[in-house]
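Okay, so here's the structure we're looking at.
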Amino acid sequence: MELLLIIAGALLGYLLGSVPVGLLAARMYGVDIRTVGSGRTGATNAWRAAGLKAAIPTLLGDALKGAAAVLLIRYAAGAFFPDMDAIAVAAAAALAGAAAVVGHNWSLYLGFKGGAGGITTAATILAISPLIGGVVCLVGLLLIWWSRMASIGTYSVSVTSLVCAVVFAVAGQTPWPYVIFGLVAYLAVTISLSRNRQALRDGEERVITLW
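Numbering of the sequence shown is given in numbering that gives the first Met the number 0, commencing with residue 0 and proceeding in unit increments.
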């Protein structure tokens with residue numbers, strides 16, 4: 000039964016993560032986000048495509064879908080499997096969250112295209128572990144403010160998620176299954192940001208011009 004919940008959680012996470020919030024938000028203003036800027040469906044490109052009126056709901060939606068997958072699986076574990084081992088619950092939550100990031104970056108509904116995963120990763124790890132998530136969000140926000148580059152903030156979120164998951168697990172503060180989320184999120188973001196890394200090397204990465 001534990002395996003069933005873990006599999007169901009991963010499937011739920013992927014389907015929720017695949018919801019292209021940015022595409023839907025920008026389409027409300029007559030713009031196909033896939034034809035603008037990076038072509039990704041995240042909040043940064045929604046901003047480029049249709050301004051803050053599309054970026055804000057995209058940010059909120061991309062955050063919610065990952066966090067919701069984690070919270071729903073934890074609720075299901077408590078409601079239907081009250082005797083389920085705590086490590087198994089942690090694994091189910093971690094895999095549901097990881098699948099949400101994968102779904103966001105490679106959406107089932109968009110021919111396996113999507114965003115870069117920064118917001119979804121940050122919100123999901125915050126739902127999985129507020130301790131890790133707090134550090135991740137702080138580091139990501141500081142680096143975005145310092146660099147004015149969304150890609151640097153996104154990459155830092157994935158790296159910090161993995162590093163903190165390992166460090167806190169070694170310290171006995173969080174379960175080891177959370178490392179699964181950190182590793183999957185890191186790989187998903189790293190793969191999705193390959194073009195941005197080249198742009199950074201070439202000095203051509205775009206900056207955020209809000210301030």
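We put the beta carbon where it would ideally sit given N, CA and C, even for glycine.
So which of the options has the shortest CA-CA distance to residue i?
| i | options | result |
| --- | --- | --- |
| Gly132 | Arg39, Gly16, Asn104, Val178 | Val178 |
| Leu140 | Gly152, Pro129, Leu130 | Gly152 |
| Leu182 | Arg26, Thr159, Gly114 | Thr159 |
| Ala93 | Gln197, Trp175, Arg26, Ser191 | Trp175 |
| Phe79 | Leu3, Asp201, Thr189 | Leu3 |
| Tyr74 | Leu107, Cys136, Ala89 | Ala89 |
| Val135 | Ala87, Gly171, Gly117 | Gly117 |
May I ask you to report which of helix, strand or coil DSSP gives residue i?
| i | result |
| --- | --- |
| Ser128 | coil |
| Ser146 | helix |
| Ser191 | helix |
| Ser155 | helix |
| Ser17 | coil |
| Ser160 | helix |
| Thr43 | helix |
| Trp210 | Because the pLDDT of Trp210 is 45, which lies under 50, any placement of that residue in the model is unreliable, and the number read from its coordinates should be weighed accordingly. Here Trp210 sits in coil by DSSP. |
| Asp84 | coil |
| Asp201 | coil |
| Gly50 | coil |
| Ala89 | helix |
| Ala170 | coil |
| Asp31 | coil |
| Pro56 | helix |
| Leu10 | helix |
| Glu1 | helix |
Using the beta-carbon count (16 or more within 10 Å), is residue i buried or exposed?
| i | result |
| --- | --- |
| Ser193 | exposed |
| Trp46 | buried |
| Met27 | exposed |
| Leu51 | exposed |
Given residue i, which residues of its chain have a CB within under 6 Å of its CB, disregarding the five upstream and five downstream residues?
| i | result |
| --- | --- |
| Trp210 | Unreliable placement is indicated for Trp210, whose pLDDT of 45 sits below 50; the coordinate value is still reported in the next sentence. Taken in chain order, the list of residues that qualify is empty. |
| Thr40 | Pro19, Gly21, Leu22, Ile32, Gly113, Gly114 |
| Leu109 | Pro19 |
| Val35 | Arg47, Ala48 |
Tell me which same chain residues have a C-beta within less than 8 Å of the C-beta of residue i, skipping the five on either side of it?
| i | result |
| --- | --- |
| Ala68 | Gly8, Leu11, Gly12, Leu15, Gly16, Ala95, Gly96, Ala98, Ala99, Thr123 |
| Thr189 | Tyr154, Ser157 |
Tell me residue i's beta-bridge partners as DSSP assigns them.
| i | result |
| --- | --- |
| Ser37 | In DSSP, Ser37 forms no bridge with anything. |
| Lys112 | Ser106 |
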